[in-house]
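Visitor:
This is the structure:
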């Protein structure tokens, strides 16, 4: 269960969401898309087109190999796909893991329709079944759970149909859970009316995911949830928690430290399924940027200090921030300071 | 014996301690009642096998009483009409009352008789799930208290 904290305007988390679904289509997995914000059909029409051409894949590989600090670039991109329980990240520099996408192009409708897609748009769903009233849960969430469970058992993702020879994976994407559009006021006030609906939903969803061959990504406007206890419980109930923080509208947009990037990626939790501890990567500072064709996540490193007129004050800032970053980047910054004479 | 240990982790993951205690007490031969709310049975089983203990075998010979929270929850919500004489331990999802869960614990501990030199062990993973699922903090505290009393009574 991948839990994504949305950035303030939801731009980049939507992109990540679409990447997840696009990867599902390219891998031939079935999709289940749920949203209360925009109609899932519209979401599916806007998926990025995969770069299936082998030469362009190699180009990216050469680019990645050329940059010495970013030699693990492809692993960072690949690591994003760790949400699938049966896939492992490969530690070598460039192997084909996952697929690359071109954000400027839309996925072709034929490719999009090559897999089975299930839709849940809250405002078009039927009303609550009477049995579900006993659940004590927000009706939107209850209906969504009912829908997911029905698809899982009908399509045999939980292994209930022994006749089915080819077992497939179901990718579930739920957009903007917890927002007001789902009928939950957990994002509006410190003491919501029903503080347990969201956590109950996550628990039952976890049960469904464990019982079947499925993986799920959820985006939540976490910056709106004020109750810290709820956020902690939600984190506890998810396998992987990733937060996206975009620089739009914040003071970091003009900070020269972040000039090449559009935002930061915070990894709060990594899955520990079937193992005693998880494999923590050595760097915790990750940033993302959206180029015209690509969305990349990289290790945060300082931009080259090329300007002659950089004032002393900002140089102090850079040096000060450099101390907080991991040693690879820090060494580079301190080296630049010594060139100043 | 007669000890109540609370595992608390902040900003890190202390779940390895749960696995440690589980395999430790099973290897010592104690009767264990494990209320597993956070992960599925197969997860604990796989890790326990890496630590040298088989949960499935322990369950079969009656040394381990296992409540798989995730599965019981699904059975309760999506299953057929339940039999009234056997309420699900997770009934507090609808009725906010942890009594059914405590009954499960009590029954398991009562069945763990015979070996009086090695006391019964109760493991709960984890209490915050009870809060997440709608139980009031006071109810959870009561539950802990009743469990302690129950385990100490067995130790007598």
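Chains as they are written, first to last, in the UniProt record's numbering: chain A, 1 to 341; chain B, 1 to 156. Don't be surprised by glycine CBs; every beta carbon is placed ideally from N, CA and C. Note that the coordinates shown come from a computational prediction; the quantities given were computed from them, not determined experimentally.
Based on the DSSP secondary-structure assignment, which residues constitute the bridge partners of residue 219/A?
Guide: Residue numbering aside, residue 219/A sits at position 219 when the first chain is read from its first letter. According to DSSP, residue 219/A bridges with 4/A.
Visitor: Between 170/A, 184/A, 104/A, which lies nearest to residue 115/A when the distance is taken from Cα to Cα?
Guide: Walking along the first chain from the start, residue 115/A turns up at place 115. That would be 170/A, whose Cα lies nearest to the Cα of residue 115/A.
Visitor: Taking a Cβ distance cut-off of 7 Å, strictly less, list which residues of the region 200–213 of chain A are near chain B, in chain order.
Guide: 200, 203, 204, 206, 207, 208, 210, 211
Visitor: I need the DSSP call for residue 175/A, collapsed to helix, strand or coil.
Guide: Position 175 of the first chain, counted from the start, is the residue given in the question as residue 175/A. Correct three-state label for residue 175/A: strand.
Visitor: Which one or two residues does DSSP pair with residue 48/A in a beta bridge?
Guide: By one-based count along the first chain, residue 48/A stands at place 48. Answer is 106/A, bridged to residue 48/A.
Visitor: Within a Cβ cutoff of 7 Å, which residues of the same chain sit near residue 58/B, ignoring the five residues on either side of it in sequence?
Guide: For this step, residue 58/B is matched to residue 58 along the second chain. Once the five neighbours on either side are set aside, the close Cβ partners of residue 58/B are 26, 64.
Visitor: Closer than 7 Å between beta carbons: that is the criterion. Which residues of the region 217–234 of chain A meet it against chain B?
Guide: 233
Visitor: Which residue comes first and which comes last in the beta strand (DSSP E) that contains residue 287/A?
Guide: If you number the first chain from 1, residue 287/A lands on position 287. 286–290 is the extent of the beta strand (DSSP E) around residue 287/A.
Visitor: Quick test of the definition: if touching needs 3 or more C-beta pairs under 8 Å, does the region 172–184 of chain A touch the region 27–43 of chain A?
Guide: Between the region 172–184 of chain A and the region 27–43 of chain A there are three or more inter-stretch CB-CB distances shorter than 8 Å, so the stretches are counted as touching.
Visitor: Identify each residue in the region 134–154 of chain B for which the Cβ-Cβ distance to at least one residue of chain A is less than 7 Å, and report them in chain order.
Guide: The residues in question are 134.
Visitor: Is residue 70/B close to chain A, meaning its C-beta is less than 8 Å from at least one C-beta of that chain?
Guide: Position 70 of the second chain, counting from 1, holds the residue named residue 70/B. Interface with chain A (8 Å Cβ-Cβ cutoff): residue 70/B is included.
Visitor: One question on the structure: do residue 191/A and residue 230/A come within less than 8 Å of each other, judged by their Cβ atoms?
Guide: Mapped onto the first chain, residue 191/A falls at position 191. Mapped onto the first chain, residue 230/A falls at position 230. Contact flag unset, no.
Visitor: In three-state terms, what does DSSP make of residue 60/B?
Guide: Working through the second chain from its first residue, we reach residue 60/B at position 60. Shown here, residue 60/B sits in a helix according to DSSP, grouped into three states.
Visitor: Would you please verify whether the beta carbon of residue 168/B is less than 8 Å from any beta carbon of chain A?
Guide: This structure does not reach residue 168/B, given that chain B is present from 1 up to 156, and the question cannot be answered.
Visitor: Where does residue 147/A sit, in a helix, a strand or coil, going by DSSP?
Guide: If you number the first chain from 1, residue 147/A lands on position 147. Note: residue 147/A maps to helix in three-state DSSP.
Visitor: I'd like to check one pair, residue 157/A with residue 214/A: are the Cβ atoms closer than 8 Å?
Guide: For the purposes of this step, residue 214/A is taken as residue 214 along the first chain, with counting starting at 1. For the purposes of this step, residue 157/A is taken as residue 157 along the first chain, with counting starting at 1. Closer than 8 Å, so yes.
Visitor: Does the beta carbon of residue 1/A come closer than 8 Å to any beta carbon on chain B?
Guide: Taking the first chain and counting its residues from 1, one reaches residue 1/A at position 1. It does not: the Cβ of residue 1/A has no partner Cβ on chain B nearer than 8 Å.
Visitor: Output, in chain order, the set of chain A residues within a Cβ distance shorter than 9 Å of residue 129/B.
Guide: Indexing the second chain from 1 puts residue 129/B at position 129. What residue 129/B touches in chain A: 199, 203, 233, 236, 237.
Visitor: Got a sec? Which residues, its chain only, sit under 7 Å from residue 36/B by beta carbon, not counting five neighbours each side?
Guide: Counting from 1 along the second chain, the entry for residue 36/B is found at position 36. Hits under 7 Å: 44, 66, 67, 68, 69, 125.
Visitor: Is residue 154/A close to chain B? Criterion is C-beta to C-beta, closer than 8 Å.
Guide: Start at 1 with the first residue of the first chain, and residue 154/A comes out as number 154. Closer than 8 Å: no.
Visitor: Within 8 Å (strictly less), CB to CB, does residue 33/B reach chain D?
Guide: The displayed structure is made up of protein chains A and B, and chain D is not among them.
Visitor: So what does residue 117/A bridge to, in DSSP terms?
Guide: The residue labelled residue 117/A in the question sits at position 117 within the first chain. Looking at the DSSP assignment, residue 117/A forms a beta bridge with 31/A.
Visitor: Give the interface partners of residue 123/A over in chain B, defined as CB-CB distance under 8 Å, in chain order.
Guide: On the first chain, position 123 is the one that residue 123/A refers to. Those within 8 Å of residue 123/A in chain B number zero; the least Cβ separation is about 24 Å.
Visitor: Identify the contact partners of residue 344/A in chain B, using a Cβ-Cβ distance below 8 Å as the criterion.
Guide: One cannot answer for residue 344/A here, as it falls past the ends of chain A, which runs 1 to 341.
Visitor: Are there 16 or more other CB atoms within 10 angstroms of the CB of residue 108/A, so buried, or fewer, so exposed?
Guide: By one-based count along the first chain, residue 108/A stands at place 108. So residue 108/A counts as exposed.
Visitor: Label residue 44/A either buried or exposed according to how many other C-beta atoms from any shown protein chain fall within 10 Å of its C-beta, with 16 as the threshold for buried.
Guide: By 1-based counting over the first chain, the position of residue 44/A is 44. Counting the other Cβ atoms within 10 Å of the Cβ of residue 44/A gives 16 or more, which makes it buried.
Visitor: I'd like to know whether the C-beta of residue 113/A is nearer than 8 Å to at least one C-beta of chain B.
Guide: As a working mapping, residue 113/A is identified with position 113 in the first chain. No, because no Cβ of chain B sits closer than 8 Å to the Cβ of residue 113/A.
Visitor: Does residue 26/B have its Cβ less than 8 Å from a Cβ in chain A?
Guide: Taking the first residue of the second chain as 1, we reach residue 26/B at position 26. Taking Cβ atoms only, chain A never reaches closer than 8 Å to residue 26/B, which makes this a no.
Visitor: Please check if any C-beta of chain B sits within less than 8 Å of the C-beta of residue 149/A.
Guide: The sequence position of residue 149/A within the first chain is 149, counting from 1. Closer than 8 Å: yes.
Visitor: So residue 3/A and residue 220/A are supposed to be a Cβ contact under 8 Å. How far apart are they, rounded?
Guide: The sequence position of residue 3/A within the first chain is 3, counting from 1. The sequence position of residue 220/A within the first chain is 220, counting from 1. Separation of the CB atoms of residue 3/A and residue 220/A is rounded to 7 Å, and the pair is thereby assigned contact status at 8 Å.
Visitor: Could you check whether residue 17/B and residue 34/B sit closer than 8 Å to each other, using their CB atoms as the reference points?
Guide: Here residue 34/B refers to the residue found at position 34 when the second chain is read from its first residue. Here residue 17/B refers to the residue found at position 17 when the second chain is read from its first residue. No, Cβ-Cβ distance for residue 34/B and residue 17/B is not below 8 Å.
Visitor: Could you work out which residues of chain B lie near residue 138/A, taking near to mean beta carbons separated by less than 7 Å?
Guide: Mapped onto the first chain, residue 138/A falls at position 138. Result: empty, since nearest Cβ-Cβ is about 12 Å, beyond 7 Å.
Visitor: Assuming contact is defined by CB atoms lying nearer than 8 Å, are residue 245/A and residue 264/A in contact in what I supplied?
Guide: The residue you call residue 245/A lines up with position 245 of the first chain. The residue you call residue 264/A lines up with position 264 of the first chain. Yes, these two residues count as a Cβ contact at 8 Å.
Visitor: So, does the CB of residue 40/B fall closer than 8 Å to a CB anywhere in chain A?
Guide: As a position in the second chain, residue 40/B is number 40, starting the count at 1. Yes, residue 40/B counts as interfacial toward chain A.
Visitor: Could you have a look at residue 261/A and say whether DSSP puts it in helix, strand or coil?
Guide: Walking along the first chain from the start, residue 261/A turns up at place 261. Residue 261/A: coil per DSSP, three-state reduction.
Visitor: Quick check: the Cα distance between residue 148/B and residue 5/B, rounded to an integer number of angstroms?
Guide: Along the second chain, one-based indexing puts residue 148/B at 148. Along the second chain, one-based indexing puts residue 5/B at 5. The straight-line gap from Cα to Cα measures roughly 11 Å.
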